[in-house]
Amino acid sequence: MTQDNGGAVEHGVSDLIGACPPLSSERVFAGHIWDVVRESFEFPHNDEPLTRDFIDHPGAVSMVVLDDEQRILLQRQYRHPVGMRLWEIPAGLMDVDGEPPVEAAARELAEEADLVAESWHVLADLFNSPGSSTEAQRVFIARGLSPVPEHERHERTGEEADLETAWVPLEEAVAAVMNGRIHNPSAVVGILAAHTAAATGFAALRDAHAAWDEHPRLRP
Numbered sequence: 001m002t003q004d005n006g007g008a009v010e011h012g013v014s015d016l017i018g019a020c021p022p023l024s025s026e027r028v029f030a031g032h033i034w035d036v037v038r039e040s041f042e043f044p045h046n047d048e049p050l051t052r053d054f055i056d057h058p059g060a061v062s063m064v065v066l067d068d069e070q071r072i073l074l075q076r077q078y079r080h081p082v083g084m085r086l087w088e089i090p091a092g093l094m095d096v097d098g099e100p101p102v103e104a105a106a107r108e109l110a111e112e113a114d115l116v117a118e119s120w121h122v123l124a125d126l127f128n129s130p131g132s133s134t135e136a137q138r139v140f141i142a143r144g145l146s147p148v149p150e151h152e153r154h155e156r157t158g159e160e161a162d163l164e165t166a167w168v169p170l171e172e173a174v175a176a177v178m179n180g181r182i183h184n185p186s187a188v189v190g191i192l193a194a195h196t197a198a199a200t201g202f203a204a205l206r207d208a209h210a211a212w213d214e215h216p217r218l219r220p
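So the sequence shown is numbered by UniProt numbering: it starts at 1 and just counts up by one.
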């Protein structure tokens with residue numbers, strides 16, 4: 001296997017960390033959840049510095065919730081920017097300082113789905129829109145489910161107060177992705193990754209606490 005530049009890939013295809021140091025950085029918009037930053041940086045083979053605006057995002061976690069019957073939990077939620085109600089997997093922001101990603105996922109699962117999972121593993125990592133946002137997302141798989149006690153359940157507000165819930169066979173969820181009926185990126189990635197993992201009996205899953213140096217805010 002070779003890269004486009006002719007260099008050998010010793011350990012297979014892998015993304016590389018290596019940011020161009022910014023010459024300038026300005027926060028041009030401060031939002032409720034995320035900000036917009038403008039940075040200029042030097043780039044090889046370019047005579048002039050490049051300037052890019054991007055969303056500075058805290059990152060997110062999501063989870064494929066799989067029951068003993070190989071059904072996946074899907075939730076349909078209204079998303080105003082695209083004007084649609086999307087079938088998604090439970091997810092949430094990494095907006096608690098110092099909270100490990102798997103603990104953020106467990107918190108979100110309890111808040112959004114009233115569930116606790118005994119088994120957690122990393123399923124996939126992704127950048128939602130790397131050309132315009134720092135948002136990194138880790139997709140977990142959660143199994144060994146039990147309900148949150150009634151008196152401990154989170155009161156959902158806003159769009160989450162109107163969530164629709166369905167338990168869908170994994171194969172049916174895969175078909176919905178392939179037929180263009182599911183569009184949420186973490187749901188698409190999570191469903192297809194879970195289907196691939198299931199084919200090997202979930203033997204190659206990463207530990208729930210696996211390093212995540214690719215997340216811009218978690219790099220050493």
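No residue lacks a Cβ here, since even glycine has one placed at the ideal position from N, Cα and C.
Just verifying my parser: in three-state terms, what is the DSSP assignment at Asp-96?
Per the sequence presented here, residue 96 reads as Val, with Asp not at that position. Judged by DSSP in its simplified three-state form, Val-96 adopts coil rather than helix or strand.
Those residues which DSSP pairs with Glu-26 across a bridge
Beta bridge pairing from DSSP links Glu-26 with Arg-38.
Outcome for His-215 when other beta-carbon atoms lying within 10 angstroms are tallied against a minimum of 16:
Flag for His-215 reads buried.
Kindly confirm or deny that the stretch 186-193 and the stretch 92-101 touch, where touching means at least three C-beta pairs closer than 8 Å.
Judged by Cβ distances under 8 Å, the stretch 186-193 makes no contact with the stretch 92-101, as fewer than three pairs qualify.
Among His-209, Val-37, Pro-220, which one has its Cα closest to the Cα of Glu-103?
Residue His-209 holds the alpha-carbon nearest to the alpha-carbon of Glu-103 among His-209, Val-37, Pro-220.
Apart from the five residues just before and just after Gly-6, which ones in its own chain have a Cβ nearer than 6 Å to its Cβ?
With a pLDDT of 49 at Gly-6, under the threshold of 50, the predicted position of this residue should be treated as unreliable, and no value is reported.
State the DSSP-derived secondary structure class of His-80, mapped to helix, strand or coil.
Three-state result, His-80: helix.
Element boundaries [alpha helix (DSSP H), containing Ser-186]
DSSP places Ser-186 inside the alpha helix (DSSP H), whose first and last residues are 185-199.
Name the DSSP bridge partner or partners of Ser-132?
Looking at the DSSP assignment, Ser-132 forms no beta bridge with any residue, so it has no partner.
Tell me which residues share the same chain as Glu-152 and place their Cβ nearer than 7 Å to its Cβ, disregarding the 5 neighbours each side in the sequence.
Excluding residues within five positions, none has a Cβ falling inside 7 Å.
The alpha helix (DSSP H) with Glu-108 in it runs from where to where?
Its alpha helix (DSSP H) spans residues 101-113.
Bounding residues of the alpha helix (DSSP H) (the contiguous stretch that carries Asp-160)
Correcting the residue identity first, residue 160 is Glu in this sequence and not Asp. Looking at the DSSP string, Glu-160 is not in any alpha helix (DSSP H), and its letter there is neither H nor E.
Leu-86 versus Gly-131 - alpha carbon distance:
If you take the alpha carbons of Leu-86 and Gly-131, they lie about 23 Å apart.
Beta-carbon spacing of Asp-47, Val-36 below 7 Å
In this structure, Val-36 does not lie closer than 7 Å to Asp-47 by Cβ.
What's the call for Val-122, buried or exposed, on a 16-neighbour Cβ count within 10 Å?
So Val-122 ends up on the buried side.
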